[in-house]
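Report on one structure; see the data block that follows.
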């Protein structure tokens, strides 16, 4: 899997209005990468998967390695005797960047290796309503071992995503993740709720997703605590993900 997040398409100018000049100067954000990543996932069984990903990182902590696992313990049945599918997904993120010389920076890692770690755990519950519409909710937590003095280590969050399957090839996806944290839900705090809308193309061999989102990070341990960009200020970007499945 390969993922990419470009820079802001617009942003705001000195007058606080959308900077349309940036549209050409930065060419739709293509000339500045907010985050890039790649990884592999392996299905040990039909219901259990493990993987490893590497991303650039979009906040203070950079050069991120992500170890992830997902276990599916319920599957929706065609006769609706089991109406939903459920899975548990976990991520361990480790920053591999050199420590900052700034003792006031989170990237100084004053507590050693443990301060490089971030954890995420989500419960994924989804349902297909026929062949056209699917809905998923994802309650979860993110735990960061080191945070700023006014922040919280634990972030309880709720993800929600919906997909409309237009035809066998094309799907439309909308997703968001709300952190239930006073700092991140306070107007003027600088944080914003990540929201994305995109298109998914299934070519049979590859799955190609292209989206618009205000989150710069790719993995939940990055974008849930760190999204500080606002759709209303033109701070959204183009992103894409290409996935390829293999049978071994």
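Numbering (my numbering), first residue to last: 1 to 248.
Glycine is no exception: its CB is placed at the ideal position from the N, C-alpha and C atoms.
Contact check, residue i vs residue j, beta carbons under 9 Å
{"i": "residue 244", "j": "residue 1", "result": "yes"}
{"i": "residue 161", "j": "residue 142", "result": "no"}
{"i": "residue 237", "j": "residue 7", "result": "yes"}
{"i": "residue 133", "j": "residue 169", "result": "no"}
{"i": "residue 194", "j": "residue 227", "result": "yes"}
{"i": "residue 180", "j": "residue 146", "result": "no"}
{"i": "residue 61", "j": "residue 97", "result": "yes"}
{"i": "residue 200", "j": "residue 173", "result": "yes"}
{"i": "residue 106", "j": "residue 148", "result": "yes"}
Proximal residues to residue i (C-beta, below 6 Å), its chain only, five neighbours per side dropped
{"i": "residue 139", "result": "123 and 158"}
{"i": "residue 36", "result": "4 and 56"}
{"i": "residue 118", "result": "93, 144 and 221"}
{"i": "residue 75", "result": "85"}
{"i": "residue 48", "result": "71"}
{"i": "residue 41", "result": "49 and 51"}
{"i": "residue 18", "result": "10 and 234"}
{"i": "residue 175", "result": "161 and 196"}
Spatial neighbours of residue i in its chain, beta-carbon cut-off 7 Å, leaving aside the 5 residues before and after
{"i": "residue 253", "result": "For residue 253 there is no data in the structure shown, the boundaries of the chain being 1 and 248."}
{"i": "residue 26", "result": "7 and 32"}
{"i": "residue 125", "result": "84, 86, 136 and 137"}
{"i": "residue 23", "result": "9 and 10"}
Local Cβ density within 10 Å of residue i, reported as buried at 16 or more and exposed below that
{"i": "residue 232", "result": "exposed"}
{"i": "residue 215", "result": "buried"}
{"i": "residue 31", "result": "exposed"}
{"i": "residue 225", "result": "buried"}
{"i": "residue 95", "result": "buried"}
{"i": "residue 11", "result": "buried"}
{"i": "residue 185", "result": "exposed"}
{"i": "residue 171", "result": "buried"}
{"i": "residue 87", "result": "buried"}
{"i": "residue 34", "result": "buried"}
{"i": "residue 219", "result": "buried"}
{"i": "residue 79", "result": "exposed"}
{"i": "residue 167", "result": "exposed"}
Rounded Cβ spacing between residue i and residue j (contact assumed at less than 8 Å)
{"i": "residue 9", "j": "residue 196", "result": "Not a contact, Cβ separation roughly 13 Å."}
{"i": "residue 39", "j": "residue 52", "result": "6 Å"}
{"i": "residue 198", "j": "residue 210", "result": "6 Å"}
{"i": "residue 104", "j": "residue 89", "result": "That pair is no contact at about 34 Å."}
{"i": "residue 66", "j": "residue 91", "result": "6 Å"}
{"i": "residue 217", "j": "residue 59", "result": "7 Å"}
Same chain only: Cβ atoms within 8 Å of residue i, ignoring 5 sequence neighbours per side
{"i": "residue 203", "result": "169"}
{"i": "residue 190", "result": "228"}
{"i": "residue 183", "result": "150, 151, 152, 189 and 191"}
{"i": "residue 230", "result": "192 and 214"}
{"i": "residue 73", "result": "47, 86, 87 and 88"}
Given 8 Å, three or more beta-carbon pairs between the segment 105 to 112 and the segment 124 to 131:
no
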